[in-house]
Amino acid sequence: MAVEDTAQRAVRFDFRVPGVRIFARPDGGPTRQGLGYPGQGFEVDNFAAGAPYTCDWEHGRNVATGVVGWVPSCNTVA
Numbered sequence: 003m004a005v006e007d008t009a010q011r012a013v014r015f016d017f018r019v020p021g022v023r024i025f026a027r028p029d030g031g032p033t034r035q036g037l038g039y040p041g042q043g044f045e046v047d048n049f050a051a052g053a054p055y056t057c058d059w060e061h062g063r064n065v066a067t068g069v070v071g072w073v074p075s076c077n078t079v080a
């Protein structure tokens, strides 16, 4: 009988549009970590509530560039 792996895994999304800003904090603060583009992939490992945007925030890593940070969830697609 195999033991089920219960470790939390990142969820793979992609960027909805070109030039999605990846922020250092989940509030759209002035510190931009980098940009994301469709086809690069974004592995999400955490979520936060949505102020000041109308959508929530996703924390993760741009698969292509390795940039880590927060992205408004309305800028990603499954």
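Read left to right, the sequence shown gives residues 3 to 80 (this note's numbering).
Even for Gly, the Cβ is constructed at its ideal location relative to N, Cα and C.
Here the structure is a predicted model, which is why all the values come from computation and not from measurement.
Local Cβ density within 10 Å of residue i, reported as buried at 16 or more and exposed below that
i      : result
Thr-56 : exposed
Gly-71 : buried
Range of the contiguous beta strand (DSSP E) that encloses residue i
i      : result
Gln-35 : 34-38
Ala-50 : 44-50
Val-22 : 22-25
Chain-order list of residues whose beta-carbon lies under 7 angstroms from that of residue i (same chain, five-residue window excluded)
i      : result
Met-3  : Residue placement at Met-3 cannot be trusted, given a pLDDT of 41 that sits under 50; what the coordinates show is reported in the next sentence. If we look at Met-3 and ignore the five residues flanking it on each side, it has no Cβ neighbours.
Asn-48 : His-61
Arg-23 : Arg-34, Leu-37
Neighbourhood of residue i by C-beta, 8 angstroms cutoff - its chain only, sequence neighbours within 5 removed
i      : result
Pro-40 : Asp-16, Phe-17, Arg-18, Val-19, Pro-20
Thr-33 : Phe-25, Ala-26, Arg-27
One or two residues paired with residue i in a DSSP bridge
i      : result
Gly-62 : Val-46, Gly-71
Thr-78 : Phe-17
6 angstroms CB neighbourhood of residue i in its chain, flanking five on each side removed
i      : result
Arg-63 : Glu-45, Val-70
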